[in-house]
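S.K.:
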Amino acid sequence: METIPKGRRVVIVAHEYRPFTGGIANYVHEVATTLASQRVQVEIVAPSYGGDQSGGETGLRVRRFLRHSHVTAATLCRAIGFILGSRDAVFHAADIRSAVVLRIARCLGGPPYLVSIHGTDVIGLWKPNPAYALARWAC
Numbered sequence: 703m704e705t706i707p708k709g710r711r712v713v714i715v716a717h718e719y720r721p722f723t724g725g726i727a728n729y730v731h732e733v734a735t736t737l738a739s740q741r742v743q744v745e746i747v748a749p750s751y752g753g754d755q756s757g758g759e760t761g762l763r764v765r766r767f768l769r770h771s772h773v774t775a776a777t778l779c780r781a782i783g784f785i786l787g788s789r790d791a792v793f794h795a796a797d798i799r800s801a802v803v804l805r806i807a808r809c810l811g812g813p814p815y816l817v818s819i820h821g822t823d824v825i826g827l828w829k830p831n832p833a834y835a836l837a838r839w840a841c
């Protein structure tokens, strides 16, 4: 298994993160804090939930471009602009919804990325549903 070189930058894009609680939010936090403990610079692109959402964890920077369960053209453009300006990073879509954002950026000349698929998303990817069709395109 390869490791990420110390000092390298990783950007995790997720549709859930703290203070939201749930599977994806917990997964992102665990991956981010583990990488940060290995001296990897970690940034998280996550939804805004209102209030103080700085992240507060040492070594983590949380950028709140997206809105939870509601993506507008403006928020999508800000997230994609950040991704296109961060080509030196390793990009990780923490879920299939976030993969769509990274796929659009990739089509615009953005960096390659990897995707983590969790739980029911594995089954859902094969459903005849427009949202999952978009996710299949992204993954």
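Read in order, the letters of the sequence shown correspond to residues 703 to 841 in my numbering.
Even for Gly, the Cβ is constructed at its ideal location relative to N, Cα and C.
1. Use the C-beta contact count for residue 833: other C-beta atoms within 10 angstroms, 16 or more gives buried, fewer gives exposed.
2. Excluding five sequence neighbours on each side, which residues of the same chain lie with their C-beta closer than 7 Å to the C-beta of residue 796?
3. Here's a check: name, in chain order, each residue in its chain whose Cβ is nearer than 7 Å to the Cβ of residue 703, leaving out the five neighbours to either side.
4. Go ahead and label residue 787 buried or exposed: buried means 16 or more other beta carbons lie within 10 angstroms of its beta carbon, across all protein chains shown.
5. Considering only the beta carbon of each residue, do residue 804 and residue 785 sit closer than 8 Å?
6. Who are the Cβ neighbours of residue 743 in its own chain at under 6 Å, not counting the five residues just before and after it?
7. Can you tell me where the alpha helix (DSSP H) holding residue 832 begins and where it ends?
8. When DSSP labels each residue in this structure, what does residue 767 get in the three-state scheme?
9. By the 10 Å Cβ neighbour count, where 16 or more other Cβ atoms means buried, how is residue 800 classified, buried or exposed?
M.R.: In brief:
1. Taking the sequence shown and counting its residues from 1, one reaches residue 833 at position 131. Residue 833 should be labelled exposed.
2. Here residue 796 is taken as the residue at index 94 of the sequence shown, counted from 1. Cβ within range, chain order: 714, 715, 716, 726, 729, 730 and 818.
3. Within the sequence shown, numbered from 1, the residue matching residue 703 stands at position 1. At residue 703, the pLDDT of 47 sits below 50, so the modelled position is not reliable and the matter cannot be decided from this model.
4. Walking along the sequence shown from the start, residue 787 turns up at place 85. Its Cβ having fewer than 16 others within 10 Å, residue 787 is exposed.
5. What you label residue 804 is simply residue 102 of the sequence shown in a count that begins at 1. What you label residue 785 is simply residue 83 of the sequence shown in a count that begins at 1. For residue 804 and residue 785, yes; Cβs fall inside 8 Å.
6. Stepping through the sequence shown from its first residue, residue 743 is reached at position 41. Correct list, in chain order: 711.
7. Here residue 832 corresponds to residue number 130 of the sequence shown, with the count starting at 1. Unbroken alpha helix (DSSP H) run through residue 832: 832 to 840.
8. Within the sequence shown, numbered from 1, the residue matching residue 767 stands at position 65. DSSP places residue 767 in strand when its eight states are reduced to three.
9. Taking the sequence shown and counting its residues from 1, one reaches residue 800 at position 98. Buried is the call here.
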